[in-house]
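Colleague: Can you read through this structure? Questions will come right after.
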Amino acid sequence: MKLLRWIIQNRVLALKILRLFAENESLTLFFAKSENRKILKHLWKSPVRFQAAESFLTWLWRTKANRVELVHFLKKTYAEELLIALLAKRMNWMLLSQLALNFLRKDFGVNTKSGRLAYFLGTAQPKDLESFVSYIQSNQNLTSEFHSVPRHVGASWHHLTDIRNKEPFATKAKAVVESPDGLLNYDRLYHLYQALQTVSARFQSESLVCVEAGVFRGKTSEFLCHLLAQDTRSRTLFFAIDTFEGHSNLDLPNETEGANRSGLFADTSEAAVHKLLDSFSFATVRKGRIQDVAATLPAETFHFVHLDMDLYAPTLWAMAYFADKMPVGAILIVDDYDKKTCPGIKQAIDEFDSSNPGTFLRWDLQSAQCLLIRL
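Counting in our numbering, the sequence shown tops out at residue 1606, every number present.
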């Protein structure tokens, strides 16, 4: 405790000492020592971490022999947190020297979040920065890879165990998040993962039947199929349903609904999704509106249903159709719940809930999802 108190009280001096130690040994060995990591962690999270970071990053730039190891360490740990915190806390945006910005741009890459933020910090006009900072402060705290952390949730979310380290979820979710074809992030994928784990455990003695309606390019379907493939039961069925032509004008009587319009999400193909899911013998791809396809599915019971169709009409229809075919304990998750861009989703769920009380136990999640458990 005495050491930690000294570090907190003498942060700048502690940083200099750290640098001296690091210059005399391999950084791999340096960061392998838990006491060194603790000191650096306290420095980074201290009130003067921005000054410390500038000095540290400048030194890293000049320590060319160790740069690769340090880039790897910072990329995994603190670089994005530093840049985002710099914006979110309205600190002087020139606090990071041009040298440090160049370091982040060059060694992290212009297409990474760190690289893009570094470029923005180094090139933005003051009025642009002010507008961006105002947006952050009035709406949300930005994080490295999750969608958002609303302010009313609190600032201590980082104390939770990082779901990106939980297997078998983590590896499969990362493939979706990092794919240009994946639209969901870790938060929503984790809810799907938990729901699938729950129904799998509850219905162990039955053949598991799952549906995703609104698959676009199939990355979430692939994620779900990877999880289902680990199930040891003898029979599992998964149905991936999409128009593969974007939103149908039959579901848009007013031509638009929120940010949705006819033909949106047409940049996909049935063949591409077939190829993506081809290795899963239990997966079937069906083309068409859910209203036209559902009755042709070779199943009478459904244990897990994921609706990601963005629109009021197909969502309300699908909820009514599958509700009657879901046993007690089955789970239905509706994506894009309570989003300004998809107002029809909340309308559909509210209407169904009101007209069919006692059908589902309902959770309105902060991840823009609504989770419903069949009663």
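Glycine included, every Cβ here is placed at the ideal spot set by N, Cα and C.
Only a predicted model underlies this, so the values are computations on that prediction, with no experimental measurement involved.
Quick one: what's got a C-beta closer than 6 Å to Asn1587's C-beta in the same chain, skipping five residues either side?
Modeller: Counting only Cβ-Cβ distances below 6 Å, and skipping sequence neighbours, we find nothing.
Colleague: DSSP beta-bridge partners for Val1442?
Modeller: Phe1470, Val1536
Colleague: Tell me the DSSP secondary structure of Val1524 in three-state form.
Modeller: Here Val1524 sits in helix by DSSP.
Colleague: Per DSSP, what kind of secondary structure is Glu1453 in: helix, strand or coil?
Modeller: If DSSP states are grouped into helix, strand and coil, Glu1453 belongs with the helices.
Colleague: Would you report the Cα separation of Thr1463 and Val1440, rounded to the nearest angstrom?
Modeller: 14 Å
Colleague: Can you name the start and end residues of the alpha helix (DSSP H) that Phe1583 belongs to?
Modeller: Annotation for Phe1583: the continuous alpha helix (DSSP H) segment containing it runs 1574-1586.
Colleague: Are there three or more Cβ pairs, one per stretch, closer than 8 Å when the stretch 1540-1551 is compared with the stretch 1573-1584?
Modeller: yes
Colleague: Should Leu1481 and Lys1403 be called a contact, given that it needs their Cβ atoms to be closer than 9 Å?
Modeller: no
Colleague: Here's the rule I'm using: 16 or more other beta-carbon atoms within 10 Å means buried, otherwise exposed. How should Val1559 be labelled?
Modeller: exposed
Colleague: Can you tell me whether Arg1433 is helix, strand or coil according to DSSP?
Modeller: helix
Colleague: How would you call Ser1452, buried or exposed, if buried means at least 16 neighbouring beta carbons within 10 angstroms?
Modeller: Burial call: buried.
Colleague: At a Cβ threshold of 9 Å, is Phe1469 touching chain C?
Modeller: No chain C is part of this structure, which consists of one protein chain only.
Colleague: Helix, strand or coil: how does DSSP classify Arg1448 here?
Modeller: coil
Colleague: On the CB-based measure, 16 or more other CB atoms within 10 Å of its CB, does Thr1487 come out buried or exposed?
Modeller: exposed
Colleague: Using 9 Å as the threshold, is the C-beta distance between Arg1605 and Ile1562 below it?
Modeller: yes
Colleague: Considering Leu1592, what are the terminal residues of the beta strand (DSSP E) in which it resides?
Modeller: 1591-1596
Colleague: What do you get for Lys1571, buried or exposed, if any count of 16 or more other CB atoms within 10 angstroms of its CB means buried?
Modeller: exposed
Colleague: Taking contact to mean 3 or more Cβ pairs, one atom from each stretch, closer than 8 Å, check whether the stretch 1406-1416 and the stretch 1424-1439 are in contact.
Modeller: With a cut-off of 8 Å, the stretch 1424-1439 and the stretch 1406-1416 do not count as touching, because too few Cβ pairs lie within range.
Colleague: Are the CB atoms of Leu1507 and Arg1448 within a distance shorter than 9 Å?
Modeller: Against a cut-off of 9 Å, the Cβ pair of Leu1507 and Arg1448 comes out as a contact.
Colleague: Which first and last residues belong to the beta strand (DSSP E) in which Thr1515 is found?
Modeller: That run of the beta strand (DSSP E) goes 1514-1518.
Colleague: Is Val1565 helix, strand or coil by DSSP?
Modeller: strand
Colleague: What residues in its chain sit with their C-beta under 8 Å from that of Ser1438, if we drop five residues either side in the sequence?
Modeller: Arg1464, Ser1465, Arg1466, Thr1467, Leu1468
Colleague: Under the DSSP definition of a beta bridge, which residues are partnered with Arg1492?
Modeller: Thr1487
Colleague: Is the CB-CB distance between Tyr1552 and Cys1601 below 9 Å?
Modeller: Their beta carbons are not under 9 Å apart, which means Tyr1552 does not touch Cys1601 by this criterion.
Colleague: Note down the Cα distance separating Ser1410 from Ala1401, rounded to an integer number of angstroms.
Modeller: 14 Å
Colleague: Please check the pair Gly1489 and Cys1573, which I expect to be a contact at CB under 8 Å, by giving their CB distance rounded to whole angstroms.
Modeller: 5 Å
Colleague: Which residue's Cα is closest to the Cα of Phe1583: Ala1599, Met1550, Leu1391, Asp1555?
Modeller: Nearest option by C-alpha distance: Met1550.
Colleague: Here's the rule I'm using: 16 or more other beta-carbon atoms within 10 Å means buried, otherwise exposed. How should Lys1397 be labelled?
Modeller: exposed
Colleague: Throw me the rounded Cβ distance for the Phe1187 and Gly1477 pair, which I believe falls under 8 Å.
Modeller: In the structure as shown, the chain begins at 1232 and stops at 1606. Residue 1187 is therefore absent and cannot be evaluated.
Colleague: CA-CA distance, Ser1585 and Phe1591?
Modeller: 11 Å
Colleague: Hey, how far is the Cα of Thr1392 from the Cα of Arg1492?
Modeller: 39 Å
Colleague: Within 10 angstroms of its Cβ, does Glu1531 collect 16 or more other Cβ (buried), or is it exposed?
Modeller: exposed
Colleague: Within 10 angstroms of the Cβ of Asp1498, are there 16 or more other Cβ atoms? Answer buried if so, exposed if not.
Modeller: exposed
Colleague: Can you tell which of His1537, Pro1529, Lys1556 has the C-alpha that lies nearest to the C-alpha of Phe1513?
Modeller: Pro1529
Colleague: Does DSSP classify Thr1425 as helix, strand or coil?
Modeller: Here the sequence assigns Gln to residue 1425, which means Thr is not the residue at that position. Helix, per DSSP.
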